[in-house]
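Following: one structure in structure tokens, then a few remarks.
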Amino acid sequence: MKILLIEDEEALREDIITYFTEEGSLCETADDYATALTKINIYNYDCIVLDLTLPDGDGMEILRKLKSLHKNDGVLIISARHSLDDKLSGLNLGADDYLVKPFHLSELKARVSAIVRRKSFDGNNLIVFHEINIDTLAMKTMVGQNIVNLTKKEYDLLVYFIANQNKVITKSALAEHLWGDEIDLSDHFDFIYTHIKNLRKKLVETGCNDYIKSMYGVGYKFSS
Amino acid sequence: MKLAQKYNRVNLFTTLIILVMSGAIYYFAIHYILTSKLDNDLKIEEEEIIASVQKYNKLPLPSDFKDQKVTYKELGTTEEVERYFVNTSYYNQDEKDSEPGRSLITTVKAGDRSYAVTITKSSLEAEDLVRLIFLITLGVIILLLISLTVVNRFILSSLWRPFYDILKQLKAFNLADKNEVSVQQTQIDEFQELNQSVIAMSARVRQDYKELKSFTDNASHEMMTPLAVINSKLDTLIQTEALSDRQGELIEDVYLAVNKLSRLNQSLLLLAKIENNLIKDEEDVSLDILVAQKLRQFNELFIANEIQVEKKLEARQLYMSKYLADIMLNNLINNAIRHNVQNGEILVELSAGVLSISNTGAGKALDGNRPFERFYKDPASEGAGLGLAITSQICNLYHYKLSYSYRAGRHIFSIKF
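If you're matching them up, the sequences are chains D and Y in order.
Under full-length UniProt numbering, residues 1 to 224 are what the first sequence spells out, in order.
Under full-length UniProt numbering, residues 1 to 417 are what the second sequence spells out, in order.
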């Protein structure tokens, strides 16, 4: 994946790059509007992660520019602006998704992966992780030749895990991913455990290795 | 009552009174003038008779011609008649009819004898004249009233057109859409002033709105950015291999605190936005469908908490922001789950005018209206105590009535539309 991160907050930028580059994604950055414009003019990216509030301009303008250049880059807006019309105008201008700050890096990774998957039309709707094959169009999960019947939540969990393979994911990140940020889940982490238990059981029963590792106190890690 | 109608009424009423009064004054004035003219004629006749008596020393013959009659009556020696004018009737020989008349009664001496002379003139012509004048005046009054009514109606409605135009624009005025108020050109100073004021006001309101919006955006940005940094640093930190269980627990606590803080921030900003009416995306919302959808979305929470949910929903459309409707329902249902008991129940009822959500709960009734206060919460609750305050604020915005009651161990929140 080739990603352009447009974000002026240095601390955040570093963390995102570290998180993304470890397993082979190419990540470029721009810390202001002018640099961002130059980069999108010259290069193509699988996904552009765009902060709306930049020191020398508005991120929305970058969206307009992309549109006028007829670029097909995926765009994920990350912004602290939580108002509905910002979300709507961003999505109307051709952004693929909108993520409100603060977010979990694992959520950002999952969203970017989803955008890249959607953008690459040429049959790239397959997620493969060792013996696990997921057809994202049909939402079908196979372990080897066997179909695994997952519920919607279990499927979402698995896709999320694979997008963030080898990373520790917190329980709150999982909860927010599965139920959205509108349900206040701070005291309801228990039943994430139920979903993970079920997913793990279904995978193992179909002959899959157990890739889900529990990290005490923090969360889970999906790795081979 | 419309301004034009009111004005018309007052105008016509005063016009009528003035016209009737001036008609009366006119009538009496003319009557007085004509009577004094008649009296003059009678005086001239009297002088002629006196002159004739002095010249010939005898009375002229009584005469009766051309609307004038002179009669004499001999007076006794002691008798005296004072000279006076009087309204009488005059017998017209030709017409064989009695007409109104005016008489002058006076005395004249011929030789030793005194005579009372009565000179009578018909005042029919004068009366006719007065009547004619009266009729003409009446005609003029009626004509004037009719034309006043018509002119008022026609002119007033065209004069007030710019006013009604600006009124229509004000009614349609919406902060969020970018259309400027467009005004009709008018020659009337007051309306020009009104138009200018309305344009200036709408510009000022828009400016305030923009400033407030950019304030909440900036506040959001400035507060959320450090939180985003903390969150991402934590995400990076937990990727390092050698975390002990104790460290993991500590980090989880920090996560929860950050999460709470960002929620609190979002809630406060949301409250500010609702209070300042910054959320402007009203549409027709099918509340019954939305409630059913919410209940499905929360289903797992119900199962996890072993809560039985019962719903009775009637179709109901509301014109409100879907975003706020969503938040309103989220908060109420979250609340009903959070403060429920094991194996509890939630009953959601939506009839045409009321949405009520009741839940079984441990403990006793909440304190009157305090649940809707900001930061009021049960000591055991983990929330920030803003959910119901936000719900209450949303209800205020749309003039719904949110109330709380406690009956038979159930907390009941209901919204009247």
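Even glycine gets a Cβ: it sits at the ideal position worked out from N, Cα and C.
Report the three-state DSSP secondary structure of residue i (helix, strand or coil).
| i | result |
| --- | --- |
| Y/Gln184 | coil |
| D/Cys208 | coil |
| D/Glu10 | helix |
| Y/Ala120 | Reading off the sequence, residue 120 of chain Y comes out as Thr, not Ala. It is a strand residue. |
| D/His70 | coil |
| Y/Tyr91 | strand |
| Y/Ser414 | strand |
| Y/Arg374 | coil |
| residue 426 of chain Y | Here chain Y covers residues 1 to 417 and nothing more, so residue 426 of chain Y does not appear. |
| D/Asn44 | coil |
| D/Arg81 | coil |
| D/Ser224 | coil |
| Y/Gln308 | strand |
| residue 445 of chain Y | The requested residue 445 of chain Y does not occur in the structure, where chain Y is confined to residues 1 to 417. |
| Y/Phe28 | helix |
| Y/Tyr400 | coil |
| D/Ala30 | strand |
| D/Glu61 | helix |
Within a Cβ cutoff of 6 Å, which residues of the same chain sit near residue i, ignoring the five residues on either side of it in sequence?
| i | result |
| --- | --- |
| Y/Asp94 | none |
| D/Val148 | Thr141, Lys202, Thr206 |
| D/Asn146 | Thr206 |
| D/Ile134 | Ile127, Thr141 |
| Y/Phe375 | Gly385 |
| D/Ser113 | Ala163 |
| Y/Leu156 | Ala4 |
Do residue i and residue j have their CB atoms nearer than 8 Å?
| i | j | result |
| --- | --- | --- |
| Y/Leu350 | Y/Glu314 | yes |
| Y/Phe413 | Y/Tyr404 | yes |
| Y/Leu170 | Y/Val198 | yes |
| D/Ile42 | D/Ile6 | no |
| D/Asn164 | D/Lys109 | yes |
| D/Leu50 | D/Ile17 | no |
| Y/Leu287 | Y/Arg316 | yes |
| Y/Asn369 | Y/His339 | no |
| Y/Phe372 | Y/Leu402 | yes |
| Y/Lys322 | Y/Glu275 | no |
| residue 424 of chain Y | Y/Leu59 | The question about residue 424 of chain Y has no answer, for chain Y in this structure spans 1 to 417. |
| D/Glu131 | D/Val143 | yes |
| D/Lys101 | D/Asp46 | no |
| D/Gly94 | D/Lys67 | yes |
| Y/Val205 | Y/Leu243 | no |
| Y/Phe173 | Y/Leu318 | no |
| Y/Pro162 | Y/Ile136 | no |
Which same chain residues end up closer than 7 Å to residue i when comparing Cβ atoms and leaving out the 5 residues on each side of it in sequence?
| i | result |
| --- | --- |
| residue 420 of chain Y | The question about residue 420 of chain Y has no answer here: the residues shown for chain Y are numbered 1 through 417. |
| D/Ala30 | Leu4, Ile6, Ala36, Lys39 |
| Y/Asp219 | Reading off the sequence shown, one finds Ala at residue 219 of chain Y, where the question assumed Asp. If we look at Y/Ala219 and ignore the five residues flanking it on each side, its Cβ neighbours are Leu269. |
| Y/Ile30 | Val130, Ile133 |
| Y/Leu12 | Leu145, Leu148, Thr149 |
Going by CA-CA distance only, name the one from the options that's closest to residue i.
| i | options | result |
| --- | --- | --- |
| Y/Asp245 | D/Cys208, D/Thr21, D/Gly217 | D/Gly217 |
| Y/Ser89 | Y/Leu301, Y/Glu80, Y/Ile390, Y/Ser103 | Y/Ser103 |
| Y/His411 | Y/Ile390, Y/Ala336, Y/Gly387 | Y/Ala336 |
| Y/Thr71 | Y/Leu42, Y/Arg161, Y/Lys96, Y/Lys55 | Y/Leu42 |
| Y/Phe85 | Y/Thr106, Y/Phe65, Y/Lys312 | Y/Thr106 |
| Y/Gly23 | Y/Glu82, Y/Gly76, Y/Ile141 | Y/Ile141 |
| Y/Val53 | Y/Tyr27, Y/Asp112, Y/Phe28 | Y/Asp112 |
| D/Ser25 | D/Asp210, D/Thr136, D/Val116, D/Thr53 | D/Val116 |
| D/Ala34 | D/Leu54, D/Ile48, D/Leu91 | D/Leu54 |
| Y/Ile238 | D/Gly144, D/Asn209, D/Ala173 | D/Ala173 |
| Y/Thr35 | Y/Leu156, Y/Leu124, Y/Met21, Y/Ala389 | Y/Leu124 |
| Y/Thr118 | Y/Ile25, Y/Lys377, Y/Asn92, Y/Lys69 | Y/Lys69 |
| Y/Lys312 | Y/Leu332, Y/Ile289, Y/Val181, Y/Asn305 | Y/Ile289 |
| D/Asn44 | D/Glu28, D/Ala95, D/Gly59 | D/Glu28 |
| D/Ile197 | D/Thr151, D/Phe20, D/Asn166 | Before going further, note that residue 197 of chain D is Lys rather than Ile in the sequence given. Cα-wise, what sits closest to D/Lys197 is D/Thr151. |
| Y/Gln293 | Y/Leu329, Y/Gln308, Y/Ile357, Y/Ile18 | Y/Leu329 |
| D/Ile192 | D/Asp86, D/Lys171, D/Asp58 | D/Lys171 |
In its own chain, which residues sit with a C-beta less than 8 Å from the C-beta of residue i, not counting the 5 before and 5 after it?
| i | result |
| --- | --- |
| Y/Val258 | Leu227, Ile230, Asn231, Leu234 |
| D/Val168 | Met215, Val218, Gly219, Tyr220, Lys221 |
| Y/Ser98 | Ser89, Tyr90, Tyr91, Asn92 |
| Y/Gly361 | His339, Asn340, Val341, Gly344, Gly409, Arg410, His411 |
| Y/Ser214 | none |
Taking 7 Å as the cut-off, does the CB of residue i come closer than this to any heavy atom belonging to the ligand COA?
| i | result |
| --- | --- |
| Y/Asp378 | With respect to small molecules bound, the structure shown includes none, and the ligand COA cannot be examined in it. |
* Asked: Which residues, in chain order, does the region 155-168 of chain Y contribute to contact with chain D at a C-beta distance below 7 Å?
  -> none
* Report the residues of the region 206-227 of chain Y with a CB closer than 7 Å to any CB of chain D, ordered along the chain. => Asp217, Ser220, His221, Met224, Thr225, Leu227
* Asked: the region 293-313 of chain Y: which residues have C-beta closer than 9 Å to a C-beta of chain D, in chain order?
  -> Under the 9 Å Cβ criterion, the region 293-313 of chain Y contributes Gln297, Phe298, Glu300, Leu301, Ile303, Ala304, Asn305.
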